[in-house]
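**Q**
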Amino acid sequence: MINRLALAMAHGAALVLGAALALGAALAPIGARAAAPARPARSTPARAQDPAVVDLLVELLAAGTSPERAIAALGALTKIADPRGFEALELYAIHRRPELRREAVKALAALADPRVVPPLLDRLGDESPEVRAAAASALAERREASAVPRLMRLCRRGDLGAAAPLGRLATPETLAELREQQGAIKEDVLATALGSSLRRSDIGDGVRIDNLHAIAKLHGVEATAAIADYLASIPAQDNRASKKEAQRMLDERGGER
Amino acid sequence: MTRAQLRAGVVLASLGVAAGCATEIARGAGDAGEVGAALARLHAGAGAPVNAAGAPMVYLAYRGSSGPAIGAFDMARGSLLWHQPAEPTGRIEVGRSAIVHSMRTPAGGTVLEGRNAATGDVIWRQELPGDQRLHGYALDGETCFYVARAFSDTGTHGAGRLVALDARTGTTRWTHTLPPGDVAAPAARGGIVAVPVATQYVILHDADSGAELARILSTEQAATFVRALPEGIFFGSKGVFRASADTAKASHKSDGYAQATLPAFARPLYAPDMYRPEQSDYSALDRKHVVWRPAADPAGRRMAFRDGLVFVHDFRFFFAIDAANGTLRWAHAEKEADAVAAAHTGAALVFVTADGDVGGLEPATGRVVYRAQIPDATMVRGATFDADGFAGSPGEGAAPELAATLSSILWDTDRRFSDELAAYTVAELGKLPGRSVTADLLKAVQAPAALLPVAARRNADDALATRRDDASAELFVEALKVHSDYADDTRPTSVAAIARATLATKSKPVALALAEHLRRPETDVDTLSLISQAIAAAGAVSALPLLRDFVCMYRGEPAYEGSPNALTAAATALLELGGPAERELLLFIAEEPRTVEPLRRHLKRALANAPGATALEAPGP
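Right, here's the structure in full:
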């Protein structure tokens, strides 16, 4: 048990130490109970292969603890990114506390395990914008195309947290559909979604220009920022057509001011 | 007050000592002897049509292909006897050989028009003087009676006049001056003409001479209507009094009074307000009122509704209501058009729809006993029935299934129907058994506010909690698959109500489906408790893992320090359904310091009282 606790601490689980000890008191043989010296959390790289740490954290979450300790345990599991934590994370992804759901989603996002996709897709429907945003980012990071329809629905509902992930995942056809949503989707959401797509390397420059034209029709700082961010992301020596178009649009918007 | 005192009051009134019309016309009012004697003159009615042919008829004001018209439809033959171009401004009243209705003259005046009942031909016209307002008219045999009163820009004034005309010729038979004050339309039958006056009197006159016979006094409620039926003379406003010696001074405590227990959505309108001339024409009031018929009473004293029923007419719908307790007996829904007129013939509830259908329903069951279409009547404005005793074809056809009818009413998209009607329909639907009803209720709770009002959805939710039929379990399981989802804009379906129902039905499949909602963050804490109780009641041991997860995950949740019911209910269910492993887990939770105190206390008590409590020991510190 001592070894397991020490390992947990090494992986950033200092906050769970007390709970882990309590858990040990309940679950481990009496002879194995021993207090380990408290040490500050360290940001050492996770040793994901160590089974004892994961087991400990999973046991802690499964047996239940205070919200603060649960958040710390979820943070540790995020760093460890061990698929054996999946079931506990899936359970906590629908915890009643939104902050715990958000941390569980982040931990799920860290897993290189295809089982995480359904719970992440499910959390796109969370009542909490932060949880939805975390799930959306995670799915975008995984290039999970199956998320696109739900992300589109969220954008239609004005969910800004879904906008950038949608821009990153949308197919050219979906981008075309997005461009036609002016008036139906909030302008900041639309600008963010289309702006996010501009920096993708897997779409043609023609699509970028179409998206820029759509952004140009939008008002607000998000539209201007989308164009500016895109320009900033292009290397100086790159003279693609969309760069000139973006520059022209930015100049026009500056002129209008 | 004695009769002598009443007489004295009249003298005082005539001297101007007492003011107000009520006092002025108080002579003899409420005298049981006079009222009884007057009503004794009433010729017994036959309960048959009054027209000379004795055929069940409906007289219509409608718009045909060639413009506004009136027509006479023979319900027995199912044929339109005649139709004539006309645009009446008052109801058609029916006598033996003539019918009468009012018309507007080109100059804006009012004219009474008499027509041959057999042909519709105009046989006389009598125009009222320009300073007279027509309050209404009625026919009895071959006499037409009307009430008029002078009016000017400052309103009506002076004494009203009750006038009798020969209905065949229009010649005046007599004129009688009514007491000063407000006057209403008359009702006539069997040799008696009754006229409400000054809102609290109904004056009975001799139809042959116009002589006043007696005055009924109604001080507890205004007498805004009077109806002359084969069963007798009836009056009232909030309810119905049978005119008799017993109700000479009308008291709602008398056996001569009846008032139906009506649903909240129903307007307690037993008849139009006869003091208001505008209600003497066909109007929306004819589409939303109470249809009733008195039960026959040989003694002529007791008032009760026939078959104990009244019929709430609400545009396209009819609801047969037990007058004593408000219980819904049956309902009928017209699919296409409003019923613009409805009447109780004594043997059938008959109606005419705006698109020209004539229907008849068996009062006791709602079975359709008559159906006919009036040719060329594309827009019926109103109708008057002369069809007493008409029964249609009783015994034919099936009685309507109440659940199906209520369902059709519930999902009717006609937005005129009130929120109260929707709520009532759901509540009544919820009282009926069956899978289809459960499906309707589940659909209702999920309906958007634009489709169903909050009260209706609340009633549906309450009704779901009372479902007891096994056939509904599958629907509940299906409904419980719906979770809250922001992206899809969905909400869970009546989880609490289904949990309450499951407490009684003890359905394991439903309990298992409910258990999934223990995990859902959107499930409110009260519902969490109900779910755990339902799981325990159903003995759904397959839900143990979900109960374990719930208790473990939230045992240290500070939010449950103050209101631990959800936790304690889950722990109780776990203890009831679980075995040694669950008991061991609960022992751990009871001792573990992070467990919220209320749960710890609860568990220590529960574990101590649980069977086999001594077999297990709490873990050491």
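Protein chains in written order, with the numbering used here: chain A, 1 to 257; chain B, 258 to 878.
A virtual CB, placed ideally from N, CA and C, is assigned to each residue, including glycine.
These numbers were taken from a predicted model, which means no experiment stands behind them.
#1: Mind listing the chain D neighbours of Ala184/A? Cutoff is C-beta to C-beta under 7 Å, in chain order.
#2: For the stretch 199–224 of chain A, which residues have a beta carbon sitting closer than 7 Å to at least one beta carbon of chain B?
#3: Just to make sure I have the definition right: I need the residues of chain A whose C-beta is within less than 7 Å of the C-beta of Gly324/B. Which are they?
#4: List the residues of chain B that Ala63/A touches, going by C-beta distances under 7 Å, in chain order.
#5: Within 10 angstroms of the Cβ of Asn211/A, are there 16 or more other Cβ atoms? Answer buried if so, exposed if not.
#6: Name the residue from Arg812/B, Gly447/B, Arg524/B and Gln478/B whose alpha carbon lies nearest to the alpha carbon of Tyr458/B.
#7: Starting from the C-beta of Lys243/A, find all residues in its chain whose C-beta is less than 6 Å away, skip the five residues before and the five after it, and write them out in chain order.
#8: Could you tell me the distance, in whole angstroms, from the CA atom of Arg39/A to the CA atom of Leu721/B?
#9: Can you tell which of Val548/B, Phe576/B, Phe575/B and Phe574/B has its C-alpha closest to the C-alpha of Arg563/B?
#10: Which residue marks the beginning of the alpha helix (DSSP H) containing Gly819/B, and which one marks its end?
#11: I think Gly293/B touches Ala502/B, with their Cβ atoms under 8 Å apart; what is that distance to the nearest whole Å?
#12: Could you round the C-beta distance between Ile227/A and Ala246/A to whole angstroms and report it? I think they count as a contact, below 8 Å.
#13: Less than 8 Å between CB atoms is the rule here; does Arg776/B satisfy it with respect to chain A?
#14: If you run the structure through DSSP and keep just helix, strand and coil, what is His859/B?
#15: Taking the straight line between their C-alpha atoms, what separation do you get for Leu120/A and Ala136/A?
#16: Which residue from Val637/B, Pro651/B, Asp633/B and Gly691/B puts its Cα closest to that of Leu659/B?
#17: According to the Cβ coordinates, are Arg353/B and Val307/B closer than 8 Å?
#18: For Ile234/A, which residues in chain B fall below 7 Å Cβ to Cβ?
#19: For Met314/B, which beta-bridge partners are listed by DSSP?
#20: For Gln237/A, count neighbouring C-beta atoms within 10 Å of its own C-beta (all shown protein chains included) and say buried if the count is 16 or more, exposed if not.
#21: Answer yes or no: does any C-beta atom of chain B fall closer than 8 Å to that of Arg84/A?
#22: Check the Cβ of Ser66/A against every Cβ in chain B and list those closer than 7 Å, keeping chain order.
#23: Spatial neighbours of Val626/B within its chain, please: C-beta separation below 6 Å, excluding the five flanking residues on both sides.
#24: Less than 7 Å separating the Cβ of Phe647/B from some heavy atom of the ligand GTP?
#25: So, with DSSP's three-state summary, where would you put Asn716/B?
#26: Please check if any C-beta of chain A sits within less than 8 Å of the C-beta of Ser253/B.
#27: Could you give the first and the last residue of the continuous alpha helix (DSSP H) run that contains Ile449/B?
#28: Determine whether the Cβ of Asp238/A lies closer than 8 Å to any Cβ atom of chain B.
#29: When DSSP labels each residue in this structure, what does Met258/B get in the three-state scheme?
#30: In terms of residue numbering, what span does the beta strand (DSSP E) encompassing Gln703/B cover?
#31: Verify the CB distance criterion: does Leu781/B have a CB-CB separation below 8 Å to chain A?
#32: Is it true that the stretch 505–524 of chain B meets the stretch 559–576 of chain B, where meeting means three or more beta-carbon pairs spaced less than 8 Å apart?
#33: According to a CB-to-CB cut-off of less than 9 Å, which residues of the stretch 721–745 of chain B neighbour chain A?
#34: I'd like to know whether the C-beta of Asp249/B is nearer than 8 Å to at least one C-beta of chain A.
#35: Which class does Arg812/B belong to by DSSP, given the choice of helix, strand or coil?
#36: Mark Lys106/A as exposed unless 16 or more other C-beta atoms lie within 10 angstroms of its C-beta, in which case mark it buried.
**A** So, from the data block:
#1: Of the chains in the structure shown, none is chain D; the protein chains are A and B.
#2: none
#3: Taking the second sequence and counting its residues from 1, one reaches residue 324/B at position 67. The contacting residues do not exist; Gly324/B stays about 49 Å from chain A at best.
#4: In the first sequence, counting from the first residue as 1, residue 63/A sits at position 63. Chain B residues near Ala63/A: Cys809.
#5: Walking along the first sequence from the start, residue 211/A turns up at place 211. By the neighbour-count rule (16 or more Cβ atoms within 10 Å), Asn211/A is buried.
#6: Start at 1 with the first residue of the second sequence, and residue 458/B comes out as number 201. That would be Gln478/B, whose Cα lies nearest to the Cα of Tyr458/B.
#7: Taking the first sequence and counting its residues from 1, the one referred to as residue 243/A is at position 243. So the list reads Ile234, once near-sequence residues are dropped.
#8: The sequence position of residue 39/A within the first sequence is 39, counting from 1. The sequence position of residue 721/B within the second sequence is 464, counting from 1. At Arg39/A, the pLDDT of 32 sits below 50, so the modelled position is not reliable and the matter cannot be decided from this model.
#9: On the second sequence, position 306 is the one that residue 563/B refers to. For the residues Val548/B, Phe576/B, Phe575/B and Phe574/B, the minimum Cα distance to Arg563/B belongs to Val548/B.
#10: The residue given as residue 819/B occupies position 562 in the second sequence. It spans Ala816 to Gly819 - the alpha helix (DSSP H) in which Gly819/B sits, taken as one unbroken run.
#11: Residue numbering aside, residue 293/B sits at position 36 when the second sequence is read from its first letter. Residue numbering aside, residue 502/B sits at position 245 when the second sequence is read from its first letter. Gly293/B to Ala502/B, Cβ: 3 Å. Contact.
#12: By 1-based counting over the first sequence, the position of residue 227/A is 227. By 1-based counting over the first sequence, the position of residue 246/A is 246. Right, the Cβ-Cβ distance comes to about 5 Å (below 8 Å), so this counts as a contact.
#13: Locating residue 776/B in the second sequence gives position 519, where the first residue counts as 1. Output row for Arg776/B: interface = yes.
#14: Counting from 1 along the second sequence, the entry for residue 859/B is found at position 602. Looking at His859/B - three-state DSSP - the assignment turns out to be helix.
#15: Locating residue 120/A in the first sequence gives position 120, counting from the first residue. Locating residue 136/A in the first sequence gives position 136, counting from the first residue. Spanning the two alpha carbons is a distance of roughly 8 Å.
#16: Taking the first residue of the second sequence as position 1, residue 659/B is located at position 402. Per the Cα distances, Gly691/B.
#17: Translated into positions along the second sequence, residue 353/B becomes position 96. Translated into positions along the second sequence, residue 307/B becomes position 50. Cβ distance < 8 Å, so Arg353/B and Val307/B count as in contact.
#18: By one-based count along the first sequence, residue 234/A stands at place 234. The contacting residues do not exist; Ile234/A stays about 33 Å from chain B at best.
#19: Counted from its first residue, the second sequence places residue 314/B at position 57. Bridge partners of Met314/B: Asp331/B and Asp643/B.
#20: Within the first sequence, the letter at position 237 stands for residue 237/A. Gln237/A should be labelled exposed.
#21: Within the first sequence, residue 84/A is the residue found at index 84, counting from 1. False, the Cβ-Cβ gap to chain B never drops below 8 Å.
#22: Here residue 66/A refers to the residue found at position 66 of the first sequence. Those are Gly813 and Arg851, listed as they occur along chain B.
#23: Counting from 1 along the second sequence, the entry for residue 626/B is found at position 369. Here the set comprises Ala605, Gly617, Glu619, Gly649, Ser650 and Pro651.
#24: Questions concerning the ligand GTP fall outside what the structure shown contains, since it holds no ligand whatsoever.
#25: Position 459 of the second sequence, counting from 1, holds the residue named residue 716/B. Residue state, collapsed to three classes: helix.
#26: Coverage of chain B is limited to positions 258 through 878, which leaves residue 253/B absent and any answer about it impossible.
#27: Position 192 of the second sequence, counted from the start, is the residue given in the question as residue 449/B. Note, Ile449/B: premise wrong, no alpha helix (DSSP H); beta strand (DSSP E) at Ile449 to Val454.
#28: Position 238 of the first sequence, counting from 1, holds the residue named residue 238/A. With 8 Å as the cut-off, Asp238/A does not count as an interface residue toward chain B.
#29: Here the question's residue 258/B lines up with position 1 in the second sequence. Annotation note: pLDDT 41 at Met258/B (below 50); position unreliable, no value reported.
#30: Translated into the one-based positions of the second sequence, residue 703/B becomes position 446. Taken as a continuous stretch (DSSP letters only), Gln703/B belongs to no beta strand (DSSP E), being part of the alpha helix (DSSP H) at Arg692 to Gln703.
#31: Residue mapping note: residue 781/B aligns to position 524 of the second sequence, counting from 1. Checking the sequence shown, residue 781/B turns out to be Asp, not Leu. Asp781/B does not count as touching chain A.
#32: yes
#33: Only those residues of the stretch 721–745 of chain B whose C-beta falls short of 9 Å from the nearest C-beta of chain A are listed: His740, Ser741, Asp742, Tyr743, Ala744 and Asp745.
#34: What is shown of chain B runs 258 to 878, which leaves residue 249/B out entirely.
#35: Here residue 812/B corresponds to residue number 555 of the second sequence, with the count starting at 1. Note: Arg812/B maps to coil in three-state DSSP.
#36: Along the first sequence, one-based indexing puts residue 106/A at 106. The residue in question, Lys106/A, is buried, as its Cβ has 16 or more Cβ neighbours within 10 Å.
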